[in-house]
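Trainee: Let me begin by handing over the structure; questions about it come next.
Residue numbers (the working numbering), protein chains in the order written: chain A, 9 to 458; chain B, 9 to 458.
Here's what the structure looks like:
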């Protein structure tokens, strides 16, 4: 049922473009869903992409444009003149148009806007450009359906028909008072089955109306929409006036981006990176953690150098350095991952830190005992029970400490408004490395009577 | 505007429950949104929770039930008799009811079903229980609105009014032929503005109808809904007959769960863990990676022991073991994280492995040179330039190798259908530890002429 993009299809398409075969394109491309067409264009060279793009009807063009991968879209748009770009933007939803314009320089924005023919659309876009990207104002679109509470149903239907032309997906009608303040909601379902002589004020619901303010952060918007299972949320300004709506597709994108960012932060990459970024940008994003890791390594070297005489007497002590640091790191990362996720979900309302630490300590105790016994058994079999005892005891202590730090560090970072996802990476592993080495060699010195 | 749960509110609520103060509850609880009520109940003891729950009107009860945290809901439901549970399930959407029933034993399921009074609802639920949890069949609900293509608009309105009672959110009407096969879609907007004498066949669209099959995986469903920006997708059986629909809220939950799972896998936790799981279950989920880490540590010890004579001559060689292993691990994790994310997005259609490796090699080259020069500089300042040279050269080699392995291992795992998120954790770090140690000591032996 769904279209699937194959290498063969792409080859045929390139051939068709080369021989300017409009009928092949009509049959094989124009009938497709815009998301599929975007997927195809993503794979083409710029000239071919433009060729196909201009074969499309205007409505489809704008849909396809928003589905393109970001860098492909940017490259495509920057090849257009201001006039051409204005034409393309006029067909987009206001939020999408504003997002695209927002990436341009002030001068270029003014130029493009001046070429737009639809003044209302231009005004909406200019208005949206005032909001920060990561706020509800930056996410919202100006296309929504509203009804005044004093309208009768049939007047409402007439007005809605007019408004609905601009609005792709209608989920709910927003009901406003004569000051344009949001007062309630009306479902299409309700309107559909209403008596035409009824007034909107008799039909709409004003119970538990969920809205967001233009200044709310994108994170807050996502939380509200998830919590209340909304497919669209109305946006009001400081006076409670209805100014826009945010739809779920934007929030799904946001949720995925946040998850990506957390995954990368925990993997030691400091800014949101796409795999198609330049080599320099990727390098720069990775360096901070590597530098922290190197600092940790140098501190570790300091710790070990304090035990140099011990190592020269019993060089075998050095053998288990990687085991101790690896296990400290692993346990720390495991403990912090759970805390980071709970924090991201907004849990831990009433300070459950003590309970959480106790639980982590128990888990660490169980795993620590298991691992310590195992490593001692292995050492015993290989006939080195004294060194085995050192590794076993210090491993146990390291596991307990690592679990405690892994739990505490993200909580502390969160308290100081640093993204705790950072903790699962650099902080926890570096700290545990240094501490683990100190514990290991101290136990070694003690048991070998040095 | 939105409700916020405070400690003081909870204390007042507990007082009100204790003195059986219905009017306080009416004013302060019953007016709230069901998602807020669920948030409150999540914080109560079982008896208090039940007390509040049974104060709610029936409709709200079912909404609240589905918003409760999973373990709280399970505890609550398992305290009910089969008859009570049947009453609660009848008010739920079919997919939610099936999810809850699916967690019970066969016997208990039969008992609960036998107590249900609405036969149609019971039949829907029994039918849904046949599908695997992680397929479209397991995700879908039986509540949707359908219209036959030969109906006129006014007949359609009458039928829809009847159907719409069961369906909470109506986005689109699914149009079927006389064999109940899905043939197209009709938006409520379109129906609202249609001439009552028109037939559905003149109104509906059959272009690019996106649907999923009952046997499609939840991952496929999520990809389809995201790609085509759908808030609901119809589900058809093998014969193309319409059997259900899946709404976006279920998919948002799925996306979040997948992101959580990936984050945990990459942090070395082998099954999906919630912070409220038992200590034993958490321990078990963490052990596999710890054991792999320990194995890696033992292998590392083997490698180092091969260079024992070197260490006894120059104990300072041991100082930089943690630096080498940490940097190998960090670089490997960074490289693999990007690959894992690209794979999760379904990118890399046409085998871009060679290009990707080349890019990673370049990034590694840049970072490797920077780090090597830096560490040599530090060693030089501290007056140990020969050891500094060993660390510097081996660090450079380790960074390059780690980047290559970090890129290749997730690609290989993915080829063999193992979740590549696993790679960012255990595989890459362990392999890089062992290899890095070998490189470091080999360079050391060479430069110190041992």
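No residue lacks a Cβ here, since even glycine has one placed at the ideal position from N, Cα and C.
Checking the sheet assignment: what are the DSSP bridge partners for residue 361 of chain A?
Mentor: Answer is none; residue 361 of chain A lacks a bridge partner.
Trainee: For a quick check, are the C-beta atoms of residue 229 of chain B and residue 144 of chain B less than 8 Å apart?
Mentor: Cβ atoms of residue 229 of chain B and residue 144 of chain B: closer than 8 Å.
Trainee: From this set, A/170, A/313, A/209 and A/363, which residue's C-alpha is nearest residue 200 of chain B's C-alpha?
Mentor: Residue 200 of chain B has its Cα closest to that of A/170, out of A/170, A/313, A/209 and A/363.
Trainee: Indicate whether residue 256 of chain B and residue 239 of chain A have their beta-carbon atoms separated by less than 8 Å.
Mentor: Yes. Within cutoff.
Trainee: Helix, strand or coil: which one does DSSP assign to residue 225 of chain A?
Mentor: Three-state result, residue 225 of chain A: strand.
Trainee: Quick check on residue 180 of chain B: buried or exposed, where buried means 16 or more other Cβ atoms within 10 Å of its Cβ?
Mentor: So residue 180 of chain B counts as buried.
Trainee: Work out the CA separation of residue 400 of chain A and residue 400 of chain B for me, nearest whole Å.
Mentor: One C-alpha to the other measures close to 32 Å.
Trainee: Which residues bound the beta strand (DSSP E) around residue 190 of chain B?
Mentor: That run of the beta strand (DSSP E) goes 190-195.
Trainee: Using a Cβ-Cβ cutoff of less than 7 Å, which residues in the same chain neighbour residue 452 of chain B once the five nearest sequence positions on both sides are dropped?
Mentor: Result list for residue 452 of chain B: 318, 325 and 398, in chain order.
Trainee: If you drop the 5 nearest sequence neighbours on each side, which residues of the same chain put their C-beta closer than 7 Å to that of residue 357 of chain B?
Mentor: Caution applies to residue 357 of chain B, whose pLDDT of 41 falls short of 50 and renders its modelled position unreliable; the model cannot decide the point.
Trainee: Does residue 143 of chain A come out as helix, strand or coil in the three-state DSSP assignment?
Mentor: In this structure, residue 143 of chain A counts as strand in the three-state DSSP scheme.
Trainee: Is DSSP giving residue 153 of chain B helix, strand or coil here?
Mentor: Coil.
Trainee: Curious, which full-length alpha helix (DSSP H) runs of at least 4 residues does the segment 215-279 of chain A contain?
Mentor: Counting whole runs of 4 or more residues, the segment 215-279 of chain A contains the alpha helix (DSSP H) stretches 226-235 and 256-274.
Trainee: Applying a beta-carbon distance threshold of less than 8 Å, which residues of chain A neighbour residue 242 of chain B?
Mentor: The premise fails here: residue 242 of chain B is roughly 11 Å from chain A at the closest Cβ pair, so nothing lies under 8 Å.
Trainee: From the beta carbon of residue 358 of chain B, is the nearest beta carbon of chain A less than 8 Å away?
Mentor: Legend: pLDDT at residue 358 of chain B = 45, less than 50; position of this residue unreliable, value from coordinates given subsequently. At least one chain A Cβ lies under 8 Å of residue 358 of chain B.
Trainee: Using the Cα positions of residue 44 of chain A and residue 345 of chain B, report the straight-line distance between them to the nearest angstrom.
Mentor: C-alpha separation (whole angstroms): 28 Å.
Trainee: What distance in whole Å lies between the Cβ atoms of residue 49 of chain A and residue 1 of chain A, which are believed to be in contact at a cut-off of 8 Å?
Mentor: The requested residue 1 of chain A does not occur in the structure, where chain A is confined to residues 9 to 458.
Trainee: Kindly list the residues whose CB is nearer than 6 Å to the CB of residue 251 of chain B, restricted to its own chain and excluding five residues on each side of it in sequence; keep chain order.
Mentor: Closer than 6 Å at the Cβ level, and outside the excluded window around residue 251 of chain B, lie 243 and 245.
Trainee: Which term fits residue 204 of chain A, buried or exposed, when burial requires 16 or more other beta carbons within 10 angstroms of its beta carbon?
Mentor: Result: exposed.
Trainee: Counting only Cβ pairs nearer than 8 Å, list the residues of chain B close to residue 386 of chain A.
Mentor: Near residue 386 of chain A (Cβ distances below 8 Å), the residues of chain B are 306.
Trainee: Measuring only the C-alpha atoms, how far is residue 75 of chain A from residue 68 of chain A?
Mentor: Approximately 11 Å, taken between the alpha carbons.
Trainee: Along the alpha helix (DSSP H) that carries residue 49 of chain A, what are the first and last residues, could you check?
Mentor: Its alpha helix (DSSP H) spans residues 42-50.
Trainee: When the Cα atoms are used, what is the spatial distance from residue 457 of chain B to residue 420 of chain B?
Mentor: Taking the straight line joining both Cα atoms gives about 38 Å.
Trainee: For residue 434 of chain B, name the three-state secondary structure that DSSP assigns.
Mentor: It is helical.
Trainee: Got a sec: is the Cβ-Cβ distance from residue 454 of chain B to anything in chain A below 8 Å?
Mentor: False, the Cβ-Cβ gap to chain A never drops below 8 Å.
Trainee: Considering Cα atoms alone, identify which of B/313, B/364, B/305 and B/271 is closest to residue 347 of chain A.
Mentor: Of B/313, B/364, B/305 and B/271, the residue nearest in Cα terms is B/271.
Trainee: Is DSSP giving residue 367 of chain A helix, strand or coil here?
Mentor: Correct three-state label for residue 367 of chain A: helix.
Trainee: Apart from the five residues just before and just after residue 97 of chain B, which ones in its own chain have a Cβ nearer than 6 Å to its Cβ?
Mentor: For residue 97 of chain B, where only same-chain residues beyond five positions count, the Cβ hits under 6 Å are 105.
Trainee: Residue 121 of chain A to residue 130 of chain A, Cα distance in whole Å?
Mentor: The straight-line gap from Cα to Cα measures roughly 6 Å.
Trainee: Quick check on this structure: which residue in A/135, A/374, A/132 and A/267 has the alpha carbon closest to the alpha carbon of residue 289 of chain B?
Mentor: It is A/374.
Trainee: Taking the continuous alpha helix (DSSP H) assigned at residue 408 of chain B, which residues delimit it?
Mentor: Looking at the DSSP string, the run of the alpha helix (DSSP H) that includes residue 408 of chain B is 393-423.
Trainee: Helix, strand or coil for residue 207 of chain A? Go by DSSP, reduced to three states.
Mentor: If DSSP states are grouped into helix, strand and coil, residue 207 of chain A belongs with the strands.
Trainee: Less than 8 Å between CB atoms is the rule here; does residue 197 of chain B satisfy it with respect to chain A?
Mentor: Answer yes: the Cβ-Cβ gap between residue 197 of chain B and chain A drops below 8 Å somewhere.
Trainee: Does chain C have any CB closer than 8 Å to the CB of residue 225 of chain A?
Mentor: Of the protein chains in the structure, A and B, none is chain C.
Trainee: Just the Cα atoms here: how many angstroms apart are residue 132 of chain B and residue 126 of chain B?
Mentor: Approximately 10 Å between the Cα atoms of the pair.
Trainee: Give a yes or no on whether the minimum CB-CB distance between residue 102 of chain B and chain A is below 8 Å.
Mentor: By this cut-off, residue 102 of chain B is not an interface position.
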